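Protein chains: 2
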Amino acid sequence: MRRVTIYDVAGKAGVSTAAVSHAFNDPERLRATTVSRILDAARELGYAPNPHARALHSQRVGVLGVLFPQPIATVFANPFFASFLEGIGSVTDERGIGLLTVTPHGGSLERAIAAAPVDGFVIIGLDERHAEVAPLRKRGVPFVVVDGDPETASSVNVDDEGGANAAADLLLEHGHREILVLTFHAPPEELDKDLGVRGRRLRGYRRAFVDHGVALDDDAVVRTFVTLAGGDTAFAKAWADGARPTAVLAVSDIIAIGAMRAAKRLGLRIPEDLEVIGFDDIPLASASDPALTTVHQPIAEKGRVATRLLIRELDEGGPRERIVLPTELLLRESTRTQNSKSRGQGVAKGGTEREGKRTLKAAAR
Amino acid sequence: MRRVTIYDVAGKAGVSTAAVSHAFNDPERLRATTVSRILDAARELGYAPNPHARALHSQRVGVLGVLFPQPIATVFANPFFASFLEGIGSVTDERGIGLLTVTPHGGSLERAIAAAPVDGFVIIGLDERHAEVAPLRKRGVPFVVVDGDPETASSVNVDDEGGANAAADLLLEHGHREILVLTFHAPPEELDKDLGVRGRRLRGYRRAFVDHGVALDDDAVVRTFVTLAGGDTAFAKAWADGARPTAVLAVSDIIAIGAMRAAKRLGLRIPEDLEVIGFDDIPLASASDPALTTVHQPIAEKGRVATRLLIRELDEGGPRERIVLPTELLLRESTRTQNSKSRGQGVAKGGTEREGKRTLKAAAR
DNA sequence: AACCTTTTATGAAAGGTTTCACACGAGCGA
DNA sequence: TCGCTCGTGTGAAACCTTTCATAAAAGGTT
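Sequences listed follow chains S and D, in order.
Per my numbering: the first sequence = residues 1 to 365.
Per my numbering: the second sequence = residues 1001 to 1365.
Given below as C-alpha cells:
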C-alpha cells in the first residue's frame, strides 16, 4: 500500500505538482475553481503532505525537543517534570508546535540528540559543559538551557542561591544551631566544584551560615536520593548516628517530606521539636502533613519562558538571553510562626499575603 | 551557517557519498582504513545525518506519536496520563524510539495528526468513530487505540464493565439500596448511547443492580467534572437536594475523593456512614484519607502493551489484535470489611493478599 | 490588431540521505 | 592465460515537497 503523494493528486486533478502545492500553501495564487478541483481530488485520495519531505525542504519541522538526562519513565513519574512539561506544552500547543521528549537512547544521549527530528531543544539539567550538548552549538541547532549554567547563551534559571539563603536565614534567625542539610547525590558529570542547581542551593545555605557566624559541619551535610525513602533513611540514619538536629534544610521537597516522615516516626513533633524547609514547592508540598514550608520556584513558568525564548530564536534569530526568575520562601506549617525574635537583619523583610500564607521574597543576590 | 552534509564529509575524506553512508550504516562493506578515515572526517566536521532526509528516504523516522484529544497542558497535569506515558516511555526508551505528544493544534486535531512526523500512533480516548482518526486507516498509518472501541483493529482496553460490576456488587452485597453514582460529562462526540469508558463502567454498575433486583433511579446518576471540586460539589448538591445515599460509586478516583471531602464536611463518617468506591487506582487513591477502595486498572501496563503492539505492527506488519486487560477491586479503607453477610452469590469470591490489602479479581464477562 | 500587463500555471532544481546495480581490480583455480 | 569470484567503491535514482524563474493565457488599451 503505497502512500499517496502529490503526484497522485496532480494527476487526478489534471495539474502540475506545483499547482497542488500552491493550492495548499498559497491558494490566492491560483484560480478559485482550480483550487477546489485540487482540494477535492486531495480529499478523495486522502492526501496529506509528507511531513518529512516538507521538513527536508523547508529546514523546519515544527517540533521542539525537550532534552532530559534521565530515562523517560522517571521523567513522567516526577511531579517536577510534569509541571515543567505542562508549562512548555501550554506554549507549543497554542503555536501549533509539536513536543518531542528526548531521552538517552540505550544510554546514549548523543545518539538520541542526533536522531531527533526537531527544530531546537529545551534542555533541562544539563548544559554545554556536557559532552553531549556541546555539538549542538557547533551544528548551529538552537537550544535553551534550563537549570544549567546560568552563564550560557540562552538560559533560564531561578534564583536558587537566594531562595536557599532565605530558607537557611530563617532557621538561623529562629535560633537553630544544629541544622541538618539534606542534598542529593551529585550527578557523575558534576564532579567539579558545586556546579548546577544543587551547588547553587548549597552555596545559598552556606552564605547564611557565614553571615550568622555559625559553623556548618561537613557531617551535617548528608547526600541521599531524591525520593521519599531517600529523605526518610537519611534523617533516620543521621539520628541513629547520634545527630540531634533541631531543624532540617532539604534541597528538594520530596526529600524534606521523607525526612518529616522519619522524624514523626521517631516521635518528634513538627514544627515544635523540628523545623523543616524544602525546596521547589511541588504540589505534594502543600498537601503533606504538616504542610511543608518551602522555597517556591515557578516551575511551569520556567518552561513557558524557555519555550518562548527558543521559539523567538527560531523565528527571528532573536537575541540570546539569560533569564533568572525569582524564588520565594513560602511559610506553611513545618516552621514556627515566630514573631517574638528580633528580625532586625536577615532576609525576613515584610511578608505579603498569598494563598492565605505568609510569603517572603527571596533576597536578590 | 550552512548545515554540514554528507557531501562535505565525502569531499573531505575523498570518497563518494555512498561510501560515507556505508561507513555509518554498514561498515563491514568497506575497508577498515577507509571507514576510519570517513569517521574521522565526520567527527571533525561535526557531521550527523539529517533526520528528515533519512526519514524521507527510509519511510521511517523512529518516532511514535501519542494522540490525546485534549490540550497538552491538561495532559501533563493529569496523573492518569502521567502513568500512561510512563508505561509508553519505558518501551520506546529501551528501543531507542522517540515519543511525540500530539494534541490539537489550535483546536484542530486533524491538522496536528497530518503534520506529525511519526511512524505510528498510540491513540488514547478516541477511536475510529471520530472523524479525525478515520483518515489514518485510509492513509495506511498504523495505530493502536487505547480506551476506545474494543472492537477496532488494534486496541487495548481494560475490563471496565467487569470492574465496575464488581464494585457495585460489593456495595449491594453490603445491603446498600441508596447508592449515588457519580460519572463524568460525556464528551460531545459520544452522544450516541453509552460508548466509551464511561458507558462501559455504567453498564457494569447497572448489571449489578439488575442482578440484585435493585432499581437505579436516573436521579441517582449524577454527571460532573473529573476534578476534586467536581466530585465535591456533586455530592454536596445531591445531599442538599435531599438525597441520603449510604454509598457512592464513582467512575473516577478523583471524583470519589472529592465526594469524600464533601461527605466529611457534612459530618459523615467513612466508611461507617458512607461507603465509597472509585475507579482507576491513581497514586492519590492510596494516599487519601481514608485510603480509597477502588477498581484498579494497570495504567502503565496499558501503555506498555499498546506500544509493543504498535511496534510489532510497524516492524513485522504483525497481526492486529484486540487486547483486554483485567481490572480488580482493591479493598482499602473507604469500604467496610464485612465478613458477616452471606456471600453465596455475587462477585466476592476469594480474596488474595496483595500489597497487604485484600483484592478481588473482577468478574470476567 | 498589436502590444502591454496581470493572472494563472508549470518545469525543474534543491533539500540530504540510502541503496540498487554496476564497475574496477585483485586474487585464485584450472 | 582465461575466466570467476570476491572485496571495495561509485553513479544515479528514488524518496516527496516547495519555490524560483518562466511560460502561457487572459484581459485591457490604444
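Ideal placement from N, C-alpha and C gives every residue a C-beta, glycine not left out.
If you're wondering where the values come from, they're calculated on a predicted model, not measured in any experiment.
Margin query: According to DSSP, simplified to helix, strand and coil, what is residue 1056(D)?
Written below: helix
Note to self: Less than 6 Å between C-beta atoms, sequence neighbours within five positions excluded: which residues of the same chain meet that for residue 1069(D)?
What the structure shows: 1125, 1126
Next item on the list: Kindly say whether residue 30(S), judged by its beta-carbon, lies nearer than 8 Å to any beta-carbon of chain D.
Entry: no
Note to self: Comparing C-alpha positions only, which one of 1310(D), 1271(D), 1010(D), 1328(D) sits nearest to residue 1296(D)?
What the structure shows: 1328(D)
Checklist line | For residue 92(S) and residue 1254(D), the rounded distance between their alpha carbons | finding: 28 Å
Check: How would you call residue 185(S), buried or exposed, if buried means at least 16 neighbouring beta carbons within 10 angstroms?
Finding: exposed
Check: Relative to the C-alpha of residue 249(S), which residue among 288(S), 275(S), 212(S) is closest?
Finding: 275(S)
Margin query: Here's the rule: buried if 16 or more other CB atoms are within 10 angstroms of the residue's CB, otherwise exposed. What is residue 33(S)?
Written below: exposed
Next item on the list: Would you kindly report the start and end of the unbroken beta strand (DSSP E) that includes residue 1096(D)?
Entry: It is not in any beta strand (DSSP E) - residue 1096(D) carries neither H nor E in the DSSP assignment.
Item checked: Short CB-CB distance (under 8 Å) between residue 1086(D) and chain S -> True, the Cβ-Cβ gap to chain S drops below 8 Å.
Item checked: residue 104(S) to residue 66(S) span [Cα, whole Å] -> 12 Å
Next item on the list: Can you have a look at residue 1142(D) and say buried or exposed, based on whether 16 or more other CB atoms are within 10 angstroms of its CB?
Entry: buried
Next item on the list: List the residues of chain S that residue 1320(D) touches, going by C-beta distances under 9 Å, in chain order.
Entry: Those do not exist, as residue 1320(D) stays about 14 Å from chain S at its closest Cβ, beyond 9 Å.
Next item on the list: Taking only beta carbons into account, state which residues of the stretch 1130-1156 of chain D come closer than 8 Å to chain S, listed in chain order.
Entry: 1135, 1138, 1139, 1140
Note to self: Can you list, in chain order, the residues of its chain with a C-beta nearer than 7 Å to that of residue 208(S)? Leave out the 5 residues immediately preceding and following it.
What the structure shows: Its chain contains 165, 168, 169, 172 as the residues whose beta carbon lies nearer than 7 Å to that of residue 208(S), once the 5 sequence neighbours on both sides are disregarded; these appear in chain order.
Item checked: Proximal residues to residue 1007(D) (C-beta, below 7 Å), its chain only, five neighbours per side dropped -> 1017
Check: Which class does residue 315(S) belong to by DSSP, given the choice of helix, strand or coil?
Finding: Residue state, collapsed to three classes: helix.
Notebook entry, point to check: Does any CB atom of chain D fall closer than 8 Å to the CB of residue 101(S)?
Noted result: yes
Next item on the list: For residue 1342(D), I'd like the list of residues in its chain whose CB is within less than 7 Å of its CB, leaving aside the five on either flank, ordered along the chain.
Entry: At residue 1342(D), the pLDDT of 36 sits below 50, so the modelled position is not reliable and the matter cannot be decided from this model.
Notebook entry, point to check: Any heavy atom of the ligand FMN closer than 7 Å to the CB of residue 135(S)?
Noted result: No copy of the ligand FMN appears in this structure; indeed no ligand is present at all.
Item checked: Of the listed residues 1325(D), 1269(D), 1251(D), nearest to residue 1294(D) (C-alpha basis) -> 1251(D)
Next item on the list: Could you tell me which chain D residues have their CB closer than 9 Å to the CB of residue 56(S), listed as they occur along the chain?
Entry: Chain D residues near residue 56(S): 1050, 1052, 1053, 1055, 1056.
Note to self: Less than 7 Å between C-beta atoms, sequence neighbours within five positions excluded: which residues of the same chain meet that for residue 344(S)?
What the structure shows: Here residue 344(S) scores only 31 on pLDDT, less than 50, and its place in the model should not be relied on; the value that follows carries that caveat. Take residue 344(S), set aside five residues on each side of it, and no residue of its chain has a beta-carbon closer than 7 Å to its own.
Next item on the list: Report all residues from its chain with a CB closer than 7 Å to the CB of residue 79(S); omit the five preceding and five following residues, and keep chain order.
Entry: 282, 283, 284
Notebook entry, point to check: Quick one: what does DSSP say residue 1334(D) is sitting in, helix, strand or coil?
Noted result: coil
Next item on the list: Can you say whether residue 1266(D) is buried or exposed, counting buried as having 16 or more other CB atoms within 10 angstroms of its CB?
Entry: exposed
Next item on the list: Only counting runs of 3 or more residues, tell me where the beta strand (DSSP E) segments fall wholly within the stretch 1034-1087 of chain D, in order along the chain.
Entry: Fully enclosed beta strand (DSSP E) runs of no fewer than 3 residues occupy 1063-1067 of the stretch 1034-1087 of chain D, in order along the chain.
Notebook entry, point to check: Using the beta-carbon of each residue, which ones in chain S are nearer than 9 Å to residue 1009(D)?
Noted result: Neighbours of residue 1009(D) on chain S: none; closest Cβ ~13 Å, over 9 Å.
Checklist line | Cutoff 6 Å; reference residue 137(S); Cβ partners in own chain excluding five residues on either side | finding: none
Item checked: Minimum Cβ-Cβ distance from residue 1076(D) to chain S less than 8 Å -> yes
Margin query: At the level of alpha carbons, what is the spacing between residue 147(S) and residue 25(S)?
Written below: 39 Å
Check: DSSP state of residue 1179(D), grouped into three classes?
Finding: strand
Notebook entry, point to check: Since residue 288(S) meets chain D, which of its residues come closer than 9 Å, beta carbon to beta carbon?
Noted result: Neighbours of residue 288(S) on chain D: none; closest Cβ ~10 Å, over 9 Å.
Notebook entry, point to check: Which same chain residues, not among the five before or five after residue 198(S), have their C-beta less than 7 Å away from its C-beta?
Noted result: Sequence-distant partners of residue 198(S) (beyond 5 residues in either direction) whose C-beta falls short of 7 Å from its own C-beta, in its chain, are 183, 184, 186, 251.
Note to self: Looking at the secondary structure, which residues open and close the beta strand (DSSP E) in which residue 158(S) lies?
What the structure shows: 155-158
Item checked: Whole-Å CB distance - residue 1258(D) paired with residue 1228(D), under 8 Å assumed -> 4 Å
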